[in-house]
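Data first, discussion second: the structure below is written as structure tokens.
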Amino acid sequence: MIEVPGVFEIPITIKKNIKKYDAFIALGCVIKGQTPHFDFISQSSINAIMNLSIDNKKPIGNGIITCLNLNQAKVRKKKGAEATKAILSILSQ
34 MIEVPGVFEI PITIKKNIKK YDAFIALGCV IKGQTPHFDF ISQSSINAIM NLSIDNKKPI
94 GNGIITCLNL NQAKVRKKKG AEATKAILSI LSQ
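Under my numbering, the first residue of the sequence shown is numbered 34, with each subsequent residue one higher.
Quick look at the structure:
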């Protein structure tokens with residue numbers, strides 16, 4: 034596991050470690066606040082992760098959830114397990 038300060042730092046951390054691992058699972062949660070920062074962080078992080086996966090031909094599971102509030106985040110907390118299952122499926126092919 035590699036910890037990062039926030040979701041925005043996930044892509045650069047994956048990029049720095051892309052040759053060390055066969056796959057990655059990006060986990061995080063972005064909760065909407067009062068500013069458009071939520072939209073920018075969410076979209077740019079997810080796009081960067083997808084580009085890293087395609088450019089490096091490495092599977093990267095997207096377990097980053099975007100939520101409007103904490104209750105929604107609690108309901109969606111199992112998305113990380115779904116991303117993990119998807120990556121394990123790809124690696125077993």
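Idealized CB from N, CA, C, for every residue including glycine.
Any idea if residue i is buried or exposed, counting beta-carbon neighbours within 10 angstroms, 16 or more meaning buried?
i    : result
I120 : buried
L101 : exposed
S77  : exposed
L124 : exposed
L85  : buried
N95  : buried
Write down the C-beta distance between residue i and residue j rounded to the nearest angstrom, noting that I regard them as a contact closer than 8 Å.
i   : j    : result
I58 : A116 : 5 Å
I47 : A106 : Not quite, the Cβ-Cβ distance comes to about 22 Å (not below 8 Å), so this is no contact.
I98 : A56  : In fact, because the Cβ distance is near 19 Å, the residues do not count as touching under 8 Å.
I74 : N50  : Not confirmed; about 21 Å, so no contact.
Unbroken alpha helix (DSSP H) runs of length 4 or more, entirely within the stretch 56-109: which are they?
70-89, 103-108
For the pair the stretch 39-54 and the stretch 103-115, tell me if three or more CB-CB distances fall below 8 Å.
no
Does the count of Cβ pairs from the stretch 80-90 and the stretch 61-69 closer than 8 Å reach three?
no
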